[in-house]
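In mature numbering (1 follows the signal peptide of the UniProt record, and there is no 0), the protein residues as written are -20 to -1, 1 to 987. Just so it is clear, CB atoms sit at the ideal spot from N, CA and C, and this is done for glycine as well. Fair warning: this is a prediction, and the values are worked out from it, not measured in the lab.
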């Protein structure tokens, strides 16, 4: 051997120089290649790649070039270069005979696998030719490929590869574990359990397998085993694993009925991605319910939002029962209603509906009338054992719900359930409701319906009374008198509030009929009654005084005026005036003068001040105290320039001057009256008196010239004017309206400025008004009010205002109402003007002016509660419109004290609204409940009240109540689109918030 080596050395020494040169070059190339490999093995891939590229470009050896290409591609893979795949593909393509071809696939695949890029690894594993792999390499290939498919959740493919190595010494345990997991995920618990058992001693799998085995036993219904396995692993689990084990253990206890043990584990569960679902909340809530921890049960059940399955129906039913245990009936009503609307369990549905009906009767219902709820249940479940009791509730619910309109419809249209006693009462209450809205004719129709079913004597009597009251309001005084007397004779009348006031009302009715003897009889009875209230008693004394006065019984008149004054320190101006006048009729003129002289100081703001001045001046005149009379007439003209007595006072002054021989001064005043107050009786008298003066002075031509300037006087046609007017007035006095209209129109066509033109226009206006033809009435009333103040001005102002108000022409109405307020002599017309100016200003959105008028109205102590209520409502609504909620709150509180019907419902709604604003959610809900119980007929406020209730419940942390109520508003109140829109907006806000903690709630899509 040694000899051979020496010989070979000698051979090399004797080689030619060209071979020596090539060998040196090749050796250098190998050195550089080996350096690159060393860099590669040291993970210096970028430097290695550069070195391999250099060698590849300079080598002449295909073998070296092939190896360099292999390593260059491998470096690219490890450097995550973009062209790595292409480089490797090119290597395989360019060097198909390379022994590193299969190694390349495996190396790249293994590299990606080890770096967790399983989809890349599978791509290269698919290229591997497994036939040339050794046993160990093949096991590794199968396991890695199986795991790569496993990580991609492609379990079928994964099983194929894992099954190739499940007996491998190196990979067998791992393969069985993953095969067990695949079986577990596929709900093949027996196979999973078998495989897990084979590797249970493997430390690295024991923790996970304990969870899976606990879960499998739970799913197989082996709850005790699930608890055992879960509890054994619980304390050494990570927070996430502990959460999942809590769910398994808690549900297992739950299914075993061991609710106390279940609760701590169910609470420990953290949910999926930090969120529970409806079932999670149900289980914990039910566990609390079974432990009689009702508040805690509610706290979980009411997080179940949007539930629509058997679990949800069950949850809502038990939520309702929990609310009942806590005496939270409104909440219970909503939950029972929800459960009754689901069909998953017919038994729960029926019982929930029954409870919903009972609670509706008890506390009211904003969604539908209580009678309808009860009747619907009876019709749906005719064999329910509770129906006998429910029918009794149904009868009473017509009354207690106060939803009389809908109750009438049910009673009149539902032949399957007839109750005449309920019908009598409901018809009566509906009549009262309509009466309070001033619809007196419609009210009579309901009272008559009630009287057709005279079942309860008390309601028969009351309906008779209020039917008479309606007749009184409609000025049907004869019919009203009969009604009042009939009422007072009925056995059911005694003991009612109506009976206490009936004498007073009957007295007023006779007063209107001018039957003063009977008026006196009834007013006297009332004033001696111990149950008479002070306000009516004071007024009864006044009317007694008036009745005696008009029948010339002045001493009794004064006696009763005095009694009225004694009852109160306010509103005594009328009684004092009438008392002073009465002295004149009993020859106590000095007492009369004394009373009238002090009147202005005693009652400086009285509307009778001008009456007192005029009467005082007339009394002076009758006493031949002409200077005092003239002074007083002048005072009246100066201090009360808009009084209807001004033209009369000027005329009286002129007559005094004429009687005193001061004809020229008198003539000036006569001319003033004729000029400033044309077509009035005073103007006509002034013309006649002036004529005498002109004749006495021999100035007939001057008279003729002056009269020609007056368009209401035509000397030649005066008699024809008068005759034509009388011909028109006759059918008017006989109430032949059609004939009267024709003749008055004919009169005005012939004498447009006639001496009776004022009367003709006024009467035409009145007749057209009575015919409800406001368009035709307006020009006639306008003629009257455009003239100087006269005897018809006040009534014409009231009428033309009424017409424009009826036409909703508020701007024109306001102009005439403003005049009426300042020119009216009658208090009721002043109240009418102020009240309607208030309403018209509000309609025109002039809220400041509306409030100013409302304040004026409230300053009047003589107005009744309905007008006070209207004024407070205007103040409140105006304040809402101008965002002055503090003022609105005060005003609505005042409305609530006196309002009835719709205004009371509105006030109650705002009471709830402001309480919600103040964060008083429970108190606000109580107001909404009262609204639902007492005013369910007013659907708009019922719907708005439910909105407030939903906000209250969400403020109290009850998402279920809030969302259910809002859903119900959206479903049941389509007639009020603004309310529905607000409910949808609020619901979206709540669901967005709840979806963050409850995976069963879908957040609404954003527009």
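With a CB to CB cut of under 7 Å and the five nearest residues on each side skipped, what residues in its chain are close to residue i?
| i | result |
| --- | --- |
| residue 1066 | Since the first residue shown for the chain is -20 and the last is 987, residue 1066 is missing from the structure and cannot be characterised. |
| residue 2 | Note that residue 2 scores 47 on pLDDT, short of 50, meaning its location in the model is unreliable; the coordinates nonetheless yield the value given after this. Here the set comprises nothing. |
| residue 981 | 285, 286, 971, 974, 975 |
| residue 848 | 838, 878 |
Check whether the Cβ atoms of residue i and residue j sit closer than 7 Å, and answer yes or no.
| i | j | result |
| --- | --- | --- |
| residue 783 | residue 776 | no |
| residue 157 | residue 128 | no |
| residue 707 | residue 724 | no |
| residue 107 | residue 91 | no |
| residue 213 | residue 234 | no |
| residue 354 | residue 334 | no |
| residue 484 | residue 443 | no |
| residue 946 | residue 925 | no |
| residue 666 | residue 654 | yes |
| residue 810 | residue 801 | yes |
| residue 576 | residue 546 | no |
| residue 833 | residue 814 | yes |
| residue 274 | residue 305 | yes |
Output needed for residue i: all residues of its chain with C-beta closer than 6 Å, excluding positions within five of it in sequence on either side, in chain order.
| i | result |
| --- | --- |
| residue 481 | none |
| residue 439 | 404, 405, 408 |
| residue 720 | 711, 712 |
| residue 861 | 827 |
| residue 448 | 460, 463, 464 |
| residue 466 | 444 |
| residue 277 | 265, 268, 269, 302 |
| residue 658 | 692 |
| residue 579 | 592 |
| residue 803 | 622 |
Exposed or buried, what is residue i when buried is set at 16 or more other beta-carbons lying within 10 Å of its beta-carbon?
| i | result |
| --- | --- |
| residue 318 | buried |
| residue 672 | exposed |
| residue 877 | exposed |
| residue 518 | buried |
| residue 967 | buried |
| residue 971 | buried |
| residue 995 | The first residue shown for the chain is -20 and the last is 987, placing residue 995 beyond what the model contains. |
| residue -4 | Reliability of the predicted coordinates at residue -4 is poor, the pLDDT of 38 falling under 50, and the value obtained from them is presented with this limitation in mind. With fewer than 16 Cβ atoms within 10 Å of its Cβ, residue -4 is classed as exposed. |
| residue 216 | exposed |
| residue 806 | exposed |
| residue 474 | exposed |
| residue 352 | buried |
| residue 345 | buried |
| residue 37 | exposed |
| residue 985 | exposed |
| residue 570 | exposed |
Taking residue i as the reference, which of the options has the closest Cα?
| i | options | result |
| --- | --- | --- |
| residue 24 | 55, 40, 64 | 55 |
| residue 124 | 112, 140, 111 | 140 |
| residue 732 | 691, 437, 749 | 691 |
| residue 341 | 958, 562, 914 | 914 |
| residue 929 | 645, 963, 28 | 963 |
| residue 818 | 454, 916, 251, 853 | 853 |
| residue 147 | 119, 134, 931 | 119 |
| residue 230 | 289, 890, 71, 244 | 244 |
| residue 144 | 131, 117, 165 | 117 |
For residue i, collect the residues of the same chain with a Cβ closer than 8 Å to its Cβ; drop the 5 residues on either side in sequence, then sort them by chain order.
| i | result |
| --- | --- |
| residue 112 | 82 |
| residue 253 | 979 |
| residue 26 | 55, 59 |
Inset, instruction - Evaluate contact between the region 924 to 937 and the region 898 to 912, counting only Cβ atoms and requiring at least three cross-stretch pairs below 8 Å. - result: yes
Inset, instruction - Give a yes or no on contact between the region 448 to 466 and the region 489 to 498, applying the rule of three or more CB pairs nearer than 8 Å. - result: yes
Legend entry - contact_flag[the region 744 to 758, the region 626 to 638] where n(CB pairs < 8 Å) is 3 or more: no
Legend entry - Cβ pair count under 8 Å reaching 3, the region 754 to 773 against the region 617 to 634: yes
Inset, instruction - Assess, as a yes-or-no matter, whether the region 674 to 687 is touched by the region 787 to 804 under the definition of 3 or more beta carbon pairs within less than 8 Å. - result: no
Inset, instruction - Specify whether the region 564 to 574 and the region 524 to 540 touch according to this definition: at least 3 beta carbon pairs, one from each stretch, less than 8 Å apart. - result: yes
Inset, instruction - Tell me, please, whether the region 568 to 586 touches the region 541 to 556 by the rule of three or more beta-carbon pairs shorter than 8 Å. - result: yes
Legend entry - contact_flag[the region 410 to 423, the region 946 to 959] where n(CB pairs < 8 Å) is 3 or more: no
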